[in-house]
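Chains A, B, C and D supply the protein sequences, listed in that same order. So the first sequence is numbered by our numbering: it starts at 1 and just counts up by one. So the second sequence is numbered by our numbering: it starts at 293 and just counts up by one. So the third sequence is numbered by our numbering: it starts at 585 and just counts up by one. So the fourth sequence is numbered by our numbering: it starts at 877 and just counts up by one. All remarks here apply to the structure that follows.
There are 4 protein chains.
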Amino acid sequence: MTSKKNLGQTRAIILIYSPDQPGLVAAVSDFISINHGNILYLEQHVDRQNHIFFMRVEWDLENFLIPREKIEDYFQTLYAQKLQLTFRLYFSDDIPRMALFVSKHSHCLFDILARYTAGEWNVELPIIISNHEDLRWVAEKFGIDFHVFDVKKDNKAEIEAQQIALLKEKKIDFIVLARYMQIVSENFINQYPNKIINIHHSFLPAFVGAKPYHAAYERGVKIIGATSHYVTTDLDAGPIIEQDVTRISHKNSVEDLVQRGKDLEKIVLSRAIESHINRRILVYRNRTILFS
Amino acid sequence: MTSKKNLGQTRAIILIYSPDQPGLVAAVSDFISINHGNILYLEQHVDRQNHIFFMRVEWDLENFLIPREKIEDYFQTLYAQKLQLTFRLYFSDDIPRMALFVSKHSHCLFDILARYTAGEWNVELPIIISNHEDLRWVAEKFGIDFHVFDVKKDNKAEIEAQQIALLKEKKIDFIVLARYMQIVSENFINQYPNKIINIHHSFLPAFVGAKPYHAAYERGVKIIGATSHYVTTDLDAGPIIEQDVTRISHKNSVEDLVQRGKDLEKIVLSRAIESHINRRILVYRNRTILFS
Amino acid sequence: MTSKKNLGQTRAIILIYSPDQPGLVAAVSDFISINHGNILYLEQHVDRQNHIFFMRVEWDLENFLIPREKIEDYFQTLYAQKLQLTFRLYFSDDIPRMALFVSKHSHCLFDILARYTAGEWNVELPIIISNHEDLRWVAEKFGIDFHVFDVKKDNKAEIEAQQIALLKEKKIDFIVLARYMQIVSENFINQYPNKIINIHHSFLPAFVGAKPYHAAYERGVKIIGATSHYVTTDLDAGPIIEQDVTRISHKNSVEDLVQRGKDLEKIVLSRAIESHINRRILVYRNRTILFS
Amino acid sequence: MTSKKNLGQTRAIILIYSPDQPGLVAAVSDFISINHGNILYLEQHVDRQNHIFFMRVEWDLENFLIPREKIEDYFQTLYAQKLQLTFRLYFSDDIPRMALFVSKHSHCLFDILARYTAGEWNVELPIIISNHEDLRWVAEKFGIDFHVFDVKKDNKAEIEAQQIALLKEKKIDFIVLARYMQIVSENFINQYPNKIINIHHSFLPAFVGAKPYHAAYERGVKIIGATSHYVTTDLDAGPIIEQDVTRISHKNSVEDLVQRGKDLEKIVLSRAIESHINRRILVYRNRTILFS
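Put into structure tokens, the structure is as follows:
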């Protein structure tokens, strides 16, 4: 099952960072203009504290003089090495492949599948992985492969090796932990650096770890939140992609928070996935630059 | 200088909590009705986890059969001891007296003074206390006494004793720390339990302590907040009264956060003050019941 | 297919309004207490401008002395006629039956089905009605009857008669227009007064009618919204149940607004449905009292 | 009285719009780079529906080869006429002069004065104009000239002529209507096109005209808002600069809405003023491009 959004002409997208220096915007936009590329979006940002330059440019390849397979090489040779640019080049018709990891909660899974089947995202979803059978019926409704791995304390390394093999076989580009209630190992994370998106059910860095709604209730906060972030080896401390919040009151029980939080979680996670798919996120020193 | 809002007839306000048991609403509303009081507002809440009943009732004293000076005694004798109620009784024409503590930032001070001089609040503000001279000109513009106490590491106990003496002399009912950059001692806090309102410039419990905007920037959050709370001996961990948040992005520097945060801080602090003045806050086990 | 949330003991819920007068809370809470009912929630509100009293009480029937089938009669005889109360009585184990009307957009439908199949709502959903075949596959995935009525300009009255017959046959209690792109007739509406919930894709009363996102774009607003409301014969002017908003900017095209609006629409509609199911809404003079 | 924020080196700011065409970013950034200007901020936006290109660039003049008084001429000759650019050039040390118009409400005035006296804005405020004496005491507290013009139905043209003369004499660059409860004439507006900022106390385009809070209450909305916009001859229909909203409920009276709305109004107006002062707003076809 495939969801491909018709996006017209193929576009190239380049994400760049480098030490800040005068002339960077001019240089990059010049590269595109003189080769007859039409810039569709250009956004730059300078982190003045650390003197780092960030940029995302998207351009139409229709009349571009450089063949797409040579763009990376040309840009590297003519600009990147000279200007100390670190860059990633993408093409809009390279459709990323996503794997979902779930446990028992269905709200994020449904939200993702609803968008996917409606063709909202330029992504493929070949596989859903879980540590429980509970959501198999959902995956099957939508005709997507569902694999259960019975993770236990003593077989984690072994299971993860099997999971990685399966992910490689399915040519997965990035992973979404859609309320997957397991901590993944350092080894697993290192296979997919800044390519595993998690949803944490609190307004991080408040309430790291398990049972954040209980902790929020105990602390008596007046607002709860949800946070999507890339997974790093530091638990719940990876680069934040999206956050959102909703107001609560003393009238709300822990169960109310859990219930209301679900709407936050699913929207915040889906927005993060969309930004990732559209190559709008650049990670630098544990913070995200989120281009619009 | 006095700000008194004309609020029509005198009203009585009672705040109650007790172990939950059937018949509490009926009993309390009955007490008022059979004595010809007209209930203006009634709000109750049951904490089902801890089985505690909370209630706030406000009624018109115009035709009330019990003289106001005897209400407390009658209610205690006839209801409270029988039903194990803990209660506080207030009258709308008893105007609370507020002291402000400030340091160098003026935004909260201006916001409070603007509301105070416009007569929005039923409060008296006889005194502003600071550890710096910087904001004397503001206090003087508004004709309010301004006292500077030069707090140092080795004279804190002594200075606080002087401050308490001054607060007692001025018959202060509650204290607002309007970006007062000093930690007050346990002894000071114990003089005004649940009567010292602080504004912390983060979405607590995230970023406790000093320099929360720097910490928020470092962590790369996408939303910042402010929190007003009662001061307890546990730093930044007292009962939360109000919180609010605003969205930020990677484009914002620490200075931007500081600047934007000011609007949050002043509104969140002023809302907490207003709720306190209007006797809408009940504290129970480090959480606030905030009646509407 | 049925979704029944286990809610423990059966509870009675009463929604009341009346001309304001002293003693109403005492009278109603007394009725429950003296008959050994345990009040679980009580919320009252007085509209001081129009002198109307509103109340919602929910109590446990476990030890209630009056048999459930006689409560309405007793309350009517002993209280309602004497105090001019208008009331509706519900029981928590009477599960309302909902019909969905859809057209081509799937986002609201998926959100409702996700909650329904997860058992979040105490509701039955026997039927989905549409004017197009497009979403039949979704209904079939979830095993729910899907009926298409080919509404045209000249057959509206006839089609609506068929729809009403079907709704009556299925014993439908209330209807949700989940982005159903047809205007329903006065006759249809009168069959279900305050029982048809619509989602309008704007922050009403701004942008009434068709193509609100285009209108919002043209007007250059910085925030867009969605509104759920009961359908009345006055287009998009019925009592508002829920609204929510999200921030946009000049960067967003009409298509962006349509896309972002979907998340608002589905959450705002689902919240309204939940409030309706839980008997928390009272309509008075085209405004809703939304008990918490 | 003057409020000048120390902003370091002088910067040039250019706001541009033009028909969209390839190479615009490259051309403009090149102009700055080849003349040794260091770009501090660059933001561009393309309105794809209307094929219009918008851009804001801010650069450091320290080593810029073109003398500041010749930049406009050079840019016009070398780029603007060739590329059909419409542009406005500003310098960071040209401090704009603002006039305030007020009536009786003090909340916006206090908020503006608090920021102004704290030195938050790079602006001069030589004069406050009113149609009432009520707020003279506020202006006098802050040492700012306060002029009352007794506007009546039959003297409006005459009074406005006097006001314009005064504004010209004081070299006013832009005007802020800080809850000024008068409609200004077409003639007046034409003197200051896109230079008069108004705050309307509703979420426009909902509740245009007088008494929006009453209208919001009657309609039963669940969220209220405030809107700052440039004044055009079409009442409350000028280009929107900023909007914000807050949640209300059936519990809130009209007076509550008025009270809560004040916090929205003052923040939304002050944000608009700040954007205007910082040359971040470009108006095109009754919509604002609000650069960040």
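Even for Gly, the Cβ is constructed at its ideal location relative to N, Cα and C.
(1) Once you ignore the five residues that flank B:Trp351 on each side, which residues in its own chain have a CB closer than 7 Å to its CB?
(2) Tell me the residue span of the alpha helix (DSSP H) that contains B:Trp429.
(3) Using only alpha-carbon positions, find the residue among C:Glu704, C:Gln827, C:Phe726 and C:Gln775 that is nearest to C:Ala790.
(4) For the stretch 669–698 of chain C, which residues have a CB atom closer than 9 Å to at least one CB atom of chain A, in sequence order?
(5) Three or more C-beta pairs closer than 8 Å, one from the stretch 92–109 of chain A and one from the stretch 154–173 of chain A: is that the case here?
(6) Does any C-beta atom of chain D lie closer than 8 Å to the C-beta of B:Asp352?
(7) For B:Arg360, collect the residues of the same chain with a Cβ closer than 8 Å to its Cβ; drop the 5 residues on either side in sequence, then sort them by chain order.
(8) Per DSSP, which residues does B:Ile305 bridge with? Please list them.
(9) Short of 8 Å in beta carbon distance, which residues of its chain neighbour D:Tyr1160, apart from the five on each side in sequence? Order them along the chain.
(10) Nearest to C:Asp734 by CA position, among C:Glu627, C:Val686, C:His784 and C:Phe787, is which residue?
(11) Identify, in the order they occur along the chain, each residue of the same chain with its Cβ nearer than 7 Å to the Cβ of B:Ala564, setting aside the five sequence neighbours on each side.
(12) Of all Cβ atoms in chain B, is any one closer than 8 Å to the Cβ of A:Asn286?
(13) Here's the rule I'm using: 16 or more other beta-carbon atoms within 10 Å means buried, otherwise exposed. How should C:Ser837 be labelled?
(14) Taking the alpha-carbon positions, what's the B:Asn482 to D:Asn998 distance?
(15) What would DSSP say about A:Ile66, mapped onto helix, strand or coil?
(16) Using 8 Å as the limit for Cβ to Cβ distance, is B:Gly512 near chain C?
(17) Is there a Cβ of chain C sitting closer than 8 Å to that of B:Lys297, yes or no?
(18) Express the C-alpha separation of B:Ile419 and B:Ile467 in angstroms, rounding to a whole number.
(19) Which chain B residues sit within Cβ distance under 8 Å of A:Ser249?
(20) Report yes or no: is there a C-beta of chain B within less than 8 Å of the C-beta of C:Gln628?
(21) Going residue by residue through the stretch 759–783 of chain C, where are the continuous alpha helix (DSSP H) segments of at least 4 residues, counting only ones entirely within it?
(22) Count the C-beta pairs between the stretch 1001–1020 of chain D and the stretch 558–573 of chain B that are closer than 8 Å, then say yes if the count reaches three, no if not.
(23) Can you give the beta carbon distance from C:Ile728 to C:Leu750, rounded, assuming they're within the 8 Å contact cut?
(24) Three-state secondary structure (DSSP) at D:Leu1158?
(25) Does DSSP classify D:Val1027 as helix, strand or coil?
(26) Name, going along the chain, the residues of the stretch 1065–1087 of chain D whose beta-carbon falls closer than 7 Å to a beta-carbon of chain C.
(27) Looking at the unbroken alpha helix (DSSP H) that takes in D:Phe1083, where does it start and where does it end?
(28) Out of curiosity, what's the CA-to-CA distance linking A:Ile352 and D:Ile1100?
(29) Where does the unbroken alpha helix (DSSP H) through A:Asp30 begin, and where does it stop?
(30) Given that D:Gln925 touches chain C, what residues does it touch there, using C-beta distances under 9 Å?
(31) Are the C-beta of C:Asp847 and some C-beta of chain A separated by less than 8 Å?
(32) Does the Cβ of A:Lys266 have 16 or more other Cβ atoms within 10 Å, making it buried, or fewer, making it exposed?
(33) In three-state terms, what does DSSP make of C:Pro603?
(34) Can you give me, in chain order, the residues of the stretch 1006–1025 of chain D that have a beta carbon less than 8 Å from any beta carbon in chain A?
(35) Measure the Cβ-Cβ separation of D:Phe1079 and D:Glu919 and say whether it is below 8 Å.
(36) Is there a Cβ from chain C that is less than 8 Å from the Cβ of A:Ile16?
In terms of the structure at hand:
(1) Arg303, Ala304, Ile324, Gly329, Asn330, Ile331 and Leu332
(2) Arg428 to Lys433
(3) C:Gln827
(4) His689, Ser690, His691, Leu693, Phe694, Asp695, Leu697 and Ala698
(5) yes
(6) no
(7) Thr302, Ala304, Leu353 and Phe383
(8) B:Glu350 and B:Tyr382
(9) Tyr893, Asp923, Ile928 and Phe930
(10) C:Val686
(11) Ile489, Ser520, Ile533 and Glu534
(12) yes
(13) exposed
(14) 44 Å
(15) coil
(16) no
(17) At B:Lys297 the pLDDT is 43, less than 50, meaning the model places this residue with poor confidence; the figure from the coordinates comes in the next sentence. No, because no Cβ of chain C sits closer than 8 Å to the Cβ of B:Lys297.
(18) 10 Å
(19) Leu582
(20) yes
(21) 770–775
(22) no
(23) That pair is no contact at about 14 Å.
(24) strand
(25) coil
(26) Phe1079, Pro1081 and Ala1082
(27) That residue, D:Phe1083, is in no alpha helix (DSSP H); it is neither H nor E in DSSP.
(28) Nothing can be reported for residue 352 of chain A, as the shown portion of chain A is limited to 1 through 292.
(29) Leu24 to Ile34
(30) Tyr801, Ser837 and Val838
(31) yes
(32) buried
(33) strand
(34) none
(35) no
(36) no
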